[in-house]
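Have a look at the structure below, then the notes.
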Amino acid sequence: MTASPPLAPREAIPAGLKPVRKRLADGTERIYYFDRKTGKALGSDREKAIEWLRDIRGDAIAPRTLDPRNFEALVAAYKASPEFRDKKPSTRTQYAYELEELLGDLHGVRLADITPAVIYAIRDKVAERGHRHKANSLVRMLRILFSFAKARRLVSSKPTEDVTLVPVSPRTEVWTQQQVDLFLADARPSLKAGMALLLYTVQRLSDVLALTRDNLHENQVDGRLWIGLRQNKTAALVWTPCHSALAEILRALPADQHLLVPSPRGLPWLKRNFARAWDKHLQAVNHTLAREALRATPLCGKRGKVRERTKATIRQQLLSDLQRRDLRRTGMVQMALAGATPSQIAAVSGHSIDQTMKILDTYIPRRGDVAAGAITAWEANRPLGTAFSGPGTRTGNQFPDPGNQKRLRLISA
851 MTASPPLAPR
861 EAIPAGLKPV
871 RKRLADGTER
881 IYYFDRKTGK
891 ALGSDREKAI
901 EWLRDIRGDA
911 IAPRTLDPRN
921 FEALVAAYKA
931 SPEFRDKKPS
941 TRTQYAYELE
951 ELLGDLHGVR
961 LADITPAVIY
971 AIRDKVAERG
981 HRHKANSLVR
991 MLRILFSFAK
1001 ARRLVSSKPT
1011 EDVTLVPVSP
1021 RTEVWTQQQV
1031 DLFLADARPS
1041 LKAGMALLLY
1051 TVQRLSDVLA
1061 LTRDNLHENQ
1071 VDGRLWIGLR
1081 QNKTAALVWT
1091 PCHSALAEIL
1101 RALPADQHLL
1111 VPSPRGLPWL
1121 KRNFARAWDK
1131 HLQAVNHTLA
1141 REALRATPLC
1151 GKRGKVRERT
1161 KATIRQQLLS
1171 DLQRRDLRRT
1181 GMVQMALAGA
1191 TPSQIAAVSG
1201 HSIDQTMKIL
1211 DTYIPRRGDV
1221 AAGAITAWEA
1231 NRPLGTAFSG
1241 PGTRTGNQFP
1251 DPGNQKRLRL
1261 ISA
């Protein structure tokens, strides 16, 4: 794989020239240059880009001098501080991306001119494009920047104090076993292993894509396969026993395959390339399901509301509104439904017990099958002793001795 071309030193890049690194289809990387003010593409040749920029705007190639009163000076000061440099590499990468996004809107803007109205305008513009989570991330990044600025007396107040986040409804989708089986049926081995690892280890995609055979350990006593990993985000060390379905898939991998989820070239997946392969396979599965449903229930001859109801029924059979990140939630919910305690689930997922309780509290109580299991358990474990006789009687509102009754399980196995 060709080495990535180095970016020019930051001080050597003209103020109006924006370099952007792009990965090509063959895996190599190339740097493209843009006019920072207008977004106009200037090609991949740096010297020619500077010449074209000079023709467009002569002032754009002036030496980079940062006005301490401007937003880009605050960004530069923050990126040079321990508050930024001490972050984990993945966090620095995410922050750098968000800072570059904000520079696109606030480059050259004085800090005193950044008001709540300006921040709301940026937030709403991104949210209107359908990127609500990204809009909130940019607001949080601005909060970090202005807290940093106020602590160093660069600003007297924080314009982010009264700016609220865009309301985002929590996802509640979980995969059914039938949907998991449909996805796995004709999936390529790497996608099959990736899905099984996401579901049965309840780990993040970045951690799953980094797994190798070195993370696999077999218990010499009972032969159970375990996965040991240190989470990239939290640095927590997690040991997860493999579900039998996952162990079957892992044991079937080629003996000379080092990565558990390799790309077609045998290299680590880039997250975006794995996402594209996943989405392409999901689209193919939905295409097959739709074709089979149309054979069973043709639309020919149907009109009006009948046609629309038939189409809606077919859509319900597709793997729609399901995402990769839903698999982590699905695994945790399935463990809870199987009777696992929050402490046991947290030991697998790496969450704290409080976080686990919040996740289960969001997705478990409103499930009809859980409610049915609670009543069934109640009926099967009818309390012994003095029955509840209601008010107005001598024994009313009295329950049997708790020490003599069986513990009621609200979640059925």
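Heads up, the sequence shown is in this note's numbering, so the first residue is 851 and it goes up one at a time. Where a beta carbon is used, it is the ideal one built from N, C-alpha and C, also for glycine.
Below 7 Å CB to CB, which residues in the same chain sit around H1131 once its five sequence neighbours on both sides are set aside?
Result list for H1131: A1037, L1041, in chain order.
Just to confirm my understanding: we take A1237, look at its own chain, exclude 5 residues before and 5 after, and list those with CB closer than 7 Å. What are they?
Since pLDDT at A1237 reaches only 47, below the 50 mark, its modelled position is unreliable, and the value read off the structure follows with that caveat. Excluding residues within five positions, none has a Cβ falling inside 7 Å.
Which of the three DSSP states is assigned to I1214 in this structure?
Assigned with DSSP and collapsed to three states, I1214 falls in coil, not helix or strand.
Starting from E950, trace the alpha helix (DSSP H) in both directions and tell me its first and last residue.
939 to 956 is the extent of the alpha helix (DSSP H) around E950.
Let me know if R1054 comes out buried or exposed under the rule of 16 or more other beta-carbons within 10 Å of its beta-carbon.
Buried: at least 16 other Cβ atoms inside 10 Å.
At least three beta-carbon pairs within less than 8 Å, the segment 1020 to 1034 to the segment 1061 to 1078:
By the C-beta criterion, the segment 1020 to 1034 is judged not to be in contact with the segment 1061 to 1078, since fewer than 3 inter-stretch pairs fall below 8 Å.
On the three-state DSSP scale, how would you describe E879?
Of the three classes helix, strand and coil, the one that applies to E879 here is strand, per DSSP.
Buried versus exposed call for Y947 [16 or more other C-beta atoms within 10 Å across all chains shown]:
By the neighbour-count rule (16 or more Cβ atoms within 10 Å), Y947 is not buried but exposed.
Quick one: does P939 have its CB under 8 Å from some CB of chain B?
Given the protein chain composition of this structure (a single chain), no chain B is represented.
Using a Cβ distance threshold of 8 Å, determine whether the segment 992 to 999 contacts the segment 1084 to 1100, with at least three qualifying pairs required.
Result no; under three Cβ-Cβ pairs closer than 8 Å.
Does DSSP put V1088 in a helix, a strand or coil?
Here V1088 sits in strand by DSSP.
Closest Cα partner of A887 within the set E897, G866, S1193
First, the amino acid is wrong: residue 887 is Lys here, not Ala. Among E897, G866, S1193, the Cα nearest to that of K887 belongs to G866.
Taking one C-beta from the segment 1077 to 1090 and one from the segment 1176 to 1190 each time, how about it: are there three or more such pairs within less than 8 Å?
When Cβ pairs closer than 8 Å are counted between the two stretches, the segment 1077 to 1090 is seen not to touch the segment 1176 to 1190, the count staying below three.
Could you tell me which uninterrupted beta strand (DSSP E) segments, each at least 3 residues in length, are contained entirely in the segment 1032 to 1096, listed from first to last along the chain?
The DSSP assignment places 1066 to 1068, 1075 to 1080, 1087 to 1091 as complete runs of the beta strand (DSSP E) inside the segment 1032 to 1096, in order along the chain (cut-off: 3 residues).
Give the single residue among S931, A1143, P918 whose Cα lies nearest to the Cα of R830.
The chain is shown from 851 up to 1263; residue 830 falls before or after that span and cannot be answered.
Excluding sequence positions up to five away, which residues of its chain have a Cβ less than 7 Å from the Cβ of L874?
Here the set comprises R880.
Where in the segment 1146 to 1200 do unbroken runs of the alpha helix (DSSP H), each at least 4 residues long, occur, reported from the N-terminal end onward?
The segment 1146 to 1200 contains these whole alpha helix (DSSP H) runs: 1154 to 1166, 1176 to 1187, 1192 to 1199.
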